[in-house]
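Residues in the sequence shown are numbered consecutively from 85, following this note's numbering.
Glycine is no exception: its CB is placed at the ideal position from the N, C-alpha and C atoms.
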Amino acid sequence: MKHRHLNHEAFTLAAIEDILARGSMPDWAPLLHAIEADPYGDVAEKTLRICAARDIYGASKLFNRLIQNARQPKP
């Protein structure tokens, strides 16, 4: 996703917030893949921080739940 105010594609706090606030499902896919690859990693932690700080309609609760599910032990 191209960010209006950023000149990089890294998952910084600003970029994650922009993806959650302005993105659509296709824009969320790379973020979801990064979280699934490392549910306790930097991207997941940043996403949880944003979700706790802002109630982004349709995204905050969803991503919070996705991260919690990704952290559950797999059988």
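Handout entry: Cut-off 7 angstroms between Cβ atoms - residues of its own chain near P123, not counting five sequence neighbours on either side
Key = One-based indexing of the sequence shown puts residue 123 at position 39. Contacts found: I151, A154 and R155.
Handout entry: K158 classed as buried or exposed, judged by whether at least 16 other C-beta atoms fall within 10 angstroms
Key = Walking along the sequence shown from the start, residue 158 turns up at place 74. Under this definition K158 is an exposed residue.
Handout entry: Reference A143, options D126, L115 and F95, closest by Cα
Key = Counted from its first residue, the sequence shown places residue 143 at position 59. Comparing Cα-Cα distances from A143 to each of D126, L115 and F95, the minimum goes to L115.
Practice task
Consult DSSP for Q152 and reduce its assignment to one of helix, strand or coil.
Solution key: Mapped onto the sequence shown, residue 152 falls at position 68. Helix, per DSSP.
Practice task
Report the rounded CA-to-CA distance for I119 versus A137, giving the unit in angstroms.
Solution key: One-based indexing of the sequence shown puts residue 119 at position 35. One-based indexing of the sequence shown puts residue 137 at position 53. Going by the C-alpha atoms only, they are around 18 angstroms apart.
Handout entry: Where the alpha helix (DSSP H) containing P110 begins and where it ends
Key = As a first step, residue 110 must be located in the sequence shown, where it is residue number 26. Residues M109 to A121.
Problem - Near the ligand FAD: I134 beta-carbon under 8 angstroms from a heavy atom - result: As for the ligand FAD, it is missing from this structure, which has no ligand bound.
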